[in-house]
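First to last, the sequence lines map onto chains A and B. In this text, residue positions in the first sequence follow UniProt numbering: the first is 1, and each later residue adds one. In this text, residue positions in the second sequence follow UniProt numbering: the first is 1, and each later residue adds one. Just so it is clear, CB atoms sit at the ideal spot from N, CA and C, and this is done for glycine as well. Structure first, commentary second.
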Amino acid sequence: MANITKKVSWSSRGDDSARGEATPLLNGTEEVRYTRQPSGGGIFHIGRLSTVDLEEEITTEEESVRTRPNEIPHNEKLLSLKYESLDYDNTENQLFLEEERRMSQMGFRCLEISRWVICGLIGVLTGLIACFIDIVVEKMAGMKYSIVKQNIEKFTEVGGLSISLILWAVLNSTLVMIGSIIVAFFEPIAAGSGIPQIKCYLNGVKIPRVVRLKTLMVKVCGVICSVAGGLAVGKEGPMIHSGAVVAAGVSQGRSTSLKKDFKIFEYFRRDTEKRDFVSAGAAAGVSAAFGAPVGGVLFSLEEGASFWNQMLTWRIFFASMISTFTLNFFLSIYNNKPGDLSYPGLINFGGFETDSVTYNLYEIPLFIIIGAIGGLLGALFNFLNYWLTIFRIRYVHRPCLQVLEAMLVAAVTATVSFTMIYFSNDCQPLGQDQTTEDYPLQLFCADGEYNSMATAFFNTPERSVRSLFHNPPGSYNPLTLGLFTLTYFFLACWTYGLAVSAGVFIPSLLIGAAWGRLFGILLAYFTSGSSIWADPGKYALIGAAAQLGGIVRMTLSLTVILMEATGNVTFGLPIMLVLMTAKIVGDYFAEGLYDIHIKLQSVPFLHWDAPATSHWLTAREVMSSPVTCFNRVEKVGTIVDVLSNTSTNHNGFPVVVEITASDEPGKICGLILRSQLIVLLKHKVFVERAHSRLSQRKLQLKDFRDAYPRFPPIQSIHVSQDERECMMDLSEFMNATPYTVPQETSLPRVFKLFRALGLRHLLVVDSENRVVGLVTRKDLARYHLGKHGLEELQLAQT
Amino acid sequence: MVWKSVTNTVYECLSALHNCLKMGYLTLVLAFFVLGIVQISTTKGDTSMTGPEVSGEDDFTSKSAAHFFLPVSSASEAHKSGYFFSLSLSSSFPEDLEVSDYCLTLLRIFGERYVTYVNCSVSYARPVKMCEKCYINYSDLKDIFNNISSGTGSGNESCYNSLVRSDRLMLVYMLYSSLKDIWSVASCSNCLMKPNETALSNDTLYFLTLLNVSFSCFETHQQGNHSELCKECKAPYQRLSELYSGMEKNHTLCIDLEDAMNVTRRLWSKKYECSFPLEENVPVIAVSGFMLFLPIIFYLSSFLHSEQKKRKLIHPKRAKSNHNLMNIQDKFS
Numbered sequence: 001m002a003n004i005t006k007k008v009s010w011s012s013r014g015d016d017s018a019r020g021e022a023t024p025l026l027n028g029t030e031e032v033r034y035t036r037q038p039s040g041g042g043i044f045h046i047g048r049l050s051t052v053d054l055e056e057e058i059t060t061e062e063e064s065v066r067t068r069p070n071e072i073p074h075n076e077k078l079l080s081l082k083y084e085s086l087d088y089d090n091t092e093n094q095l096f097l098e099e100e101r102r103m104s105q106m107g108f109r110c111l112e113i114s115r116w117v118i119c120g121l122i123g124v125l126t127g128l129i130a131c132f133i134d135i136v137v138e139k140m141a142g143m144k145y146s147i148v149k150q151n152i153e154k155f156t157e158v159g160g161l162s163i164s165l166i167l168w169a170v171l172n173s174t175l176v177m178i179g180s181i182i183v184a185f186f187e188p189i190a191a192g193s194g195i196p197q198i199k200c201y202l203n204g205v206k207i208p209r210v211v212r213l214k215t216l217m218v219k220v221c222g223v224i225c226s227v228a229g230g231l232a233v234g235k236e237g238p239m240i241h242s243g244a245v246v247a248a249g250v251s252q253g254r255s256t257s258l259k260k261d262f263k264i265f266e267y268f269r270r271d272t273e274k275r276d277f278v279s280a281g282a283a284a285g286v287s288a289a290f291g292a293p294v295g296g297v298l299f300s301l302e303e304g305a306s307f308w309n310q311m312l313t314w315r316i317f318f319a320s321m322i323s324t325f326t327l328n329f330f331l332s333i334y335n336n337k338p339g340d341l342s343y344p345g346l347i348n349f350g351g352f353e354t355d356s357v358t359y360n361l362y363e364i365p366l367f368i369i370i371g372a373i374g375g376l377l378g379a380l381f382n383f384l385n386y387w388l389t390i391f392r393i394r395y396v397h398r399p400c401l402q403v404l405e406a407m408l409v410a411a412v413t414a415t416v417s418f419t420m421i422y423f424s425n426d427c428q429p430l431g432q433d434q435t436t437e438d439y440p441l442q443l444f445c446a447d448g449e450y451n452s453m454a455t456a457f458f459n460t461p462e463r464s465v466r467s468l469f470h471n472p473p474g475s476y477n478p479l480t481l482g483l484f485t486l487t488y489f490f491l492a493c494w495t496y497g498l499a500v501s502a503g504v505f506i507p508s509l510l511i512g513a514a515w516g517r518l519f520g521i522l523l524a525y526f527t528s529g530s531s532i533w534a535d536p537g538k539y540a541l542i543g544a545a546a547q548l549g550g551i552v553r554m555t556l557s558l559t560v561i562l563m564e565a566t567g568n569v570t571f572g573l574p575i576m577l578v579l580m581t582a583k584i585v586g587d588y589f590a591e592g593l594y595d596i597h598i599k600l601q602s603v604p605f606l607h608w609d610a611p612a613t614s615h616w617l618t619a620r621e622v623m624s625s626p627v628t629c630f631n632r633v634e635k636v637g638t639i640v641d642v643l644s645n646t647s648t649n650h651n652g653f654p655v656v657v658e659i660t661a662s663d664e665p666g667k668i669c670g671l672i673l674r675s676q677l678i679v680l681l682k683h684k685v686f687v688e689r690a691h692s693r694l695s696q697r698k699l700q701l702k703d704f705r706d707a708y709p710r711f712p713p714i715q716s717i718h719v720s721q722d723e724r725e726c727m728m729d730l731s732e733f734m735n736a737t738p739y740t741v742p743q744e745t746s747l748p749r750v751f752k753l754f755r756a757l758g759l760r761h762l763l764v765v766d767s768e769n770r771v772v773g774l775v776t777r778k779d780l781a782r783y784h785l786g787k788h789g790l791e792e793l794q795l796a797q798t
Numbered sequence: 001m002v003w004k005s006v007t008n009t010v011y012e013c014l015s016a017l018h019n020c021l022k023m024g025y026l027t028l029v030l031a032f033f034v035l036g037i038v039q040i041s042t043t044k045g046d047t048s049m050t051g052p053e054v055s056g057e058d059d060f061t062s063k064s065a066a067h068f069f070l071p072v073s074s075a076s077e078a079h080k081s082g083y084f085f086s087l088s089l090s091s092s093f094p095e096d097l098e099v100s101d102y103c104l105t106l107l108r109i110f111g112e113r114y115v116t117y118v119n120c121s122v123s124y125a126r127p128v129k130m131c132e133k134c135y136i137n138y139s140d141l142k143d144i145f146n147n148i149s150s151g152t153g154s155g156n157e158s159c160y161n162s163l164v165r166s167d168r169l170m171l172v173y174m175l176y177s178s179l180k181d182i183w184s185v186a187s188c189s190n191c192l193m194k195p196n197e198t199a200l201s202n203d204t205l206y207f208l209t210l211l212n213v214s215f216s217c218f219e220t221h222q223q224g225n226h227s228e229l230c231k232e233c234k235a236p237y238q239r240l241s242e243l244y245s246g247m248e249k250n251h252t253l254c255i256d257l258e259d260a261m262n263v264t265r266r267l268w269s270k271k272y273e274c275s276f277p278l279e280e281n282v283p284v285i286a287v288s289g290f291m292l293f294l295p296i297i298f299y300l301s302s303f304l305h306s307e308q309k310k311r312k313l314i315h316p317k318r319a320k321s322n323h324n325l326m327n328i329q330d331k332f333s
C-alpha cells in the first residue's frame, strides 16, 4: 500500500539498479547572484546551438559552439536566467509527512481559521494603503494646481504666461524626479504598473524582490509622486501590486527586511501558501482600486486560474470585500461623512443617471464599431510602446538616464498641456454647480467662462475621466476632444515604461473616453433631430472600455470591473461586446501590453496550453540532459562542489540509488532542492556527526521554514576540509515521490502536467526508471508560436 | 399609496352598505345600479355618508371595523359601490361634513398666497430676481403650508389629513413641493438671513450695492469710447468680482447674484470688450519649443553615446537526439 502511494509516477517500471555519471550542465535555473561572476571557461560546456536563425548551416553552428558565448542585443525572444520557478507543489519528504501526520484535525481547523484572519488583514491593509494614496495624491495635486492656477491668473492680466509654463513644468519635473529616483536607484522592480509582475508571480515565476516591503514602500511613494507630478498615469495598477505585497508580507507573519519575526503563521512559509495569499492580495488591490470586489476575484481567477479551488475563491472574495469596505469607511471619515459608504474605489466613475445610459438594440452595431476602433488604437499603442521599451532596455538602462527621461516626460507633459490650453479657444460657461470643475481656468475666455481644454488637461486624470463621462452634452467641442485624444494618446504611450511606478488603466480610459465622447457628439451631429439617444457620456464610457480592452486585452475581469465601477448592470452587454471586439481586432495586430512587457522582461511565462503545433515534440527533445545527480548518501565535498559551480546553478537534483563510474544514468529515488541542501549544510547534518553526537537535535521542518524565502548563498557556508570528507544522508529530506514522465511523452502532455500542478522540476526517466533528463519551466517556455511557426527562445543572462 | 386608496375604497363601500341597510333603501340600490356602472367618480367626500355622528376619532375606529367586515361583504361589494358612486354623482354632498371650515379657510389662504408667489416669481423670471423679490411671498406660503401640515384646527382635527393626504393625487402637496424644489435649486436660502429667512442677508445687500455702483458706472460712461469706461469702471468691477469669488467659496450665492454677475461679466467682456488679456505667443512658443526639443536631444544622445546593452546567450545541454530547429522546420514542410 505504502509503495503505491509513494510512487506517483508515470513510469514506475524497473527497480533500483542503475549507474550513471553526472555531468555538469545547465538545467536552466540559475540564481541571479551568480550571473555577475565570470564563468569558468573550462567547465562551461556548450551544447548544440539551437538558434532561431534558419539560414545558418550546421557547420558554422558547430564552429560557433566552440567560441565563447555570443552576445546579442536585447530582444523579446529571450528567456532570462534570473527568474526561477515557485515550488507550488509541496516537497513531500519524510519531515513534512511526519508533521502532517502529527497534526490533529483541530490543528487543521486552526489553520483554516488563520487563513481567514490573514485574508481579512490583507483586505484591511490594502484598503488603508489605497486610502492613503488617494488622500495624499488629492492633497498634493490640489496644492500644485492651485499654485499654478494662481500663477496663471496673475500672469494672464499682466503678461508673462511663459513663466507659468515654466513653473508648471518645474513642479511636475520635481515631483516626478523624486518618484523616479526612488524607483530607479532603490527598487527598479517597482517601476510600471506591477501587473505584469504579479501576473508572472501568479503564473508561478519567482520574480526577484517583487513582494518585498521595500518594493511596497517605493511603489506607494512612487505612485504618489508620479500622479501628483501630472504624468499621464493612474494609481490603479500599482494598487494591485501593493495588495500582492501586503498579502505576501502578512501571510508570513514576519518581515525579513525589518528582521522582525512575529512567530505566527509559520505554517504558511512556503511557496504554495504564499502564492494563494498573493492572489488574494491582488484581488484586494483591484477591489480597492476600482471598487470592484467581484472584478478583483475574477482578475485573480483570470491570472492564476490553474491553481484554484472553491474555498480559496471564497476567501479571496472575502479579502476583496473587506478591502473595498475599508477604503470606503476611511474615505467617508476623510470626507466628513462617517458611515456614508459611497466611496467604493480609487477611481469612481460616478453614478450614471439611468436615463442617460439606456441603450437600444440599434446601438449595438455602433458599440461593436467602437470596439473595433478601440482594438485598432490599442494595437497601435502597444506597437509603439513595444519599440519604445526595446529602445529603453537597450539604451536607457542607467538609473540616472532613467531619472532624466522621466523628468523630461513630466516637463513635456506640462508643456503640451499648457500649449493645448493656451491655444484652445473653446470657452464654456461656468456651471451653476461649482463642484463639477475643481480648477476652472479662465485664461483668455470671457469672464464667467472657463477653458474647456483645461478641464481635460489641468486636472488629475481620474477627474478628467469623470468629467468626460458626466459633463452635460455641449461641454466640449469636437476639436478640443480630437486634439486631446491625439496628444494624450502619445503622452500615455510615451509614459508607460518609464522608471516610475504608475498604471496604464486611467490613461487608457481617458483616451477612450475622449474619442468615445467625440464619437457620440459626431453621431448626434450627423443624425440631428434624433440626438436624444446619442448621449455623449454613454459613448464616452463605451469608448473608454474599448480603448482599455484594446490595450490590456483582459476579458472577463475587465468587463466585471467596468460594470462594477459604473454601478450599472444593464451596461454589461455593451461592455462585453466592446471588449470582445477590441480583443479580437487587437490580437490580430499586436499582443496585449502586459504580455509584451512580460516578453520583454524575458520571463519564462507559461500560457494556458502548449503551442498548438507542438504535438510531435516529446519529452526527450524538450528536456535538459544529462542531469547532475546525487547519491542517496553523498559526500559533502561533492555536494559543495556542485552547488558552488557557477556555471551549473541547478536548483533541483535527482537523487539516485548509486552512481557508478560508467555512463549509465542512475535509478531515481528522489529529488532534492538546492535550498534544502543549503539548509542541511548550514546545520551540518552529516552522518558522522549523528553517530558521534547522539544528543544532537534532529533537523525539523521549522529550520527550513526559518530560512525561507531568502536562503543563503553557498558561498556564505563554510565547510572545512575535514567536513568535506563526511557523508550526508539525503533520504530523509528529499522528495521521495517526484513526478516523472517517460521519454516519449508529448510536449502538450508534459506542459499540461507542469502547468496544472505548478511543478518546478519534472524528471524524465527511461524504461528502467533511470534518470535521463529534467524538464524545467524554461525548457517548456522556450517554445512559442511565432510568425514562421514554432520558434524557440534562447536563454540569456540579464 | 395604493394600499391606502384600496382601504379607502373598501371603507367607502362598507359605509355605503351600512347606510343603505339602515335606511332601507334597498329598492333604490337596484334602481341606481345600472347608473352606477357607467359612472366613475372621485372618491372624495365619501366619508360624509357615514353620517354626522362620525367624528375624527370615530373615523379611525370605524375604519378598522371596516377591515374586519371585509371578507363578509366582499360579495356584495359591486352593488354597493355602484350605489355609492351614483349617489355621490347625483347629489352634491355636504362638504362641510368632510372638511372643516377651518381647514377650508387654510386651503383658501394657501391658494391666494400660492397665486401671489407664482405671479411674483414669473414676473421676476428674467432677469432673475426671484429670491430677492419674492422671498416674503415664499415665506408666507411656507407658513401656511406649515400650518396645514402641523396645525390642528378646531376640535383636534388635523387639516393635513383631510387636505393633503386623503387622496391619491395629493394636489396641495404636489403644488407646494414643486415650488419648494424650484426654491432649493435656485438656492435662494443662501441669500437670506440664516435662521428664519425673513430678510436678505448682509452679504447679499452688500453685493447688490456694489452691483448698482458698477451698473451706474457703466451707464454714465456708456456713450462714446469704451476705453474710458474700461478705465473708470475697472475698480468697482474688480471689487464686485472679488466679492463674488469670495462668496462663491463660502457658498453664499443664490441664482439672483449668479445671474447678475453673469450679466455684468458679459457686459464687461463682450459688450464693452474690457477684458483684453495680453497674448504673448512668442515667448510661450519659444519655451514650449525648447521643452519639446529636449527629449529629442536626450534620445539621440543616449542612442549615440550610451552603450547598447548586450545579452549573453547561454546554450543549455540537450540530449544527443535533440532536434534542432532545422528539423522542426523540416517536419513542418
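Please go through the same chain and pick out, in chain order, the residues whose beta-carbon is closer than 8 Å to the beta-carbon of residue i, but skip the five residues on each side of it.
i, result
"A:L522", "P478"
Quick one: is residue i near chain B, going by C-beta distance under 8 Å?
i, result
"A:F751", "no"
"A:S625", "yes"
"A:L49", "Its pLDDT being 37, under 50, A:L49 is placed unreliably by the model, and nothing is read from it."
"A:E266", "no"
Buried or exposed, going by whether 16 or more other CB atoms sit within 10 Å of the CB of residue i?
i, result
"A:M143", "exposed"
"A:R710", "exposed"
"A:Q428", "buried"
"B:H305", "exposed"
"A:A130", "buried"
"B:A199", "exposed"
Cutting at 7 Å between CB atoms, please list the residues of its own chain near residue i, excluding the five before and the five after it.
i, result
"A:D779", "G28, V622, M623 and S624"
"A:R398", "none"
Consider the Cβ of residue i: report whether some Cβ of chain A lies at a distance smaller than 8 Å.
i, result
"B:K270", "yes"
"B:L26", "No answer about B:L26 holds up, because its pLDDT of 42 lies below 50 and its placement is not dependable."
Excluding the 5 residues flanking residue i on each side, which residues of the same chain have their C-beta closer than 6 Å to its C-beta?
i, result
"A:A284", "I122, G123, T126, G243, A319, S320 and S323"
- Along the stretch 401 to 419 of chain A, what residues have a CB closer than 9 Å to any CB found in chain B? L401, L404, E405, L408, V409, A411, V412, A414, T415, V416, F418 and T419
- [ ] Kindly confirm or deny that the stretch 398 to 410 of chain A and the stretch 170 to 177 of chain A touch, where touching means at least three C-beta pairs closer than 8 Å.
- [x] yes
Exercise. Mind checking the stretch 117 to 135 of chain B against chain A and listing, in chain order, the residues whose C-beta falls within less than 8 Å of any C-beta there?
Key: none
So, do the stretch 483 to 494 of chain A and the stretch 509 to 518 of chain A have three or more beta carbon pairs nearer to each other than 8 Å?
Using a Cβ-Cβ distance cut-off of 8 Å, the stretch 483 to 494 of chain A and the stretch 509 to 518 of chain A are in contact, since at least three pairs of beta carbons, one from each stretch, lie closer than that value.
(message) Below 8 Å, how does it come out for the stretch 760 to 767 of chain A and the stretch 300 to 313 of chain B: are there three or more Cβ pairs, yes or no?
(response) Note that the stretch 760 to 767 of chain A does not touch the stretch 300 to 313 of chain B; fewer than 3 beta-carbon pairs, one per stretch, sit closer than 8 Å.
Given a limit of 8 Å on CB to CB distance, which residues of the stretch 158 to 178 of chain A reach chain D? Note that chain D does not occur in the displayed structure, where the protein chains are A and B.
Checklist line | Interface residues of the stretch 456 to 483 of chain A facing chain B [CB-CB below 8 Å] | finding: none
Open item on the list: What are the residues in the stretch 301 to 318 of chain B lying within 7 Å of chain A by C-beta distance?
Closed with: S302, F303, S306, Q308, K309, K310, R311, K312, L313, I314, H315, P316, K317 and R318
- Which residues, taken in chain order from the stretch 380 to 394 of chain A, show a beta carbon closer than 7 Å to some beta carbon of chain B? Answer in chain order: I393 and R394.
query = Does the stretch 561 to 577 of chain A come within contact of the stretch 591 to 598 of chain A, defined as at least 3 CB pairs closer than 8 Å?
reply = The stretch 561 to 577 of chain A vs the stretch 591 to 598 of chain A: no contact.
Per the contact definition of three or more C-beta pairs closer than 8 Å, is the stretch 540 to 554 of chain A in contact with the stretch 370 to 379 of chain A?
Touching, per the Cβ criterion.
Checklist entry - On the three-pair Cβ rule with 8 Å, is the stretch 167 to 183 of chain B touching the stretch 223 to 241 of chain B? => result At 8 Å Cβ cutoff, the stretches do not touch.
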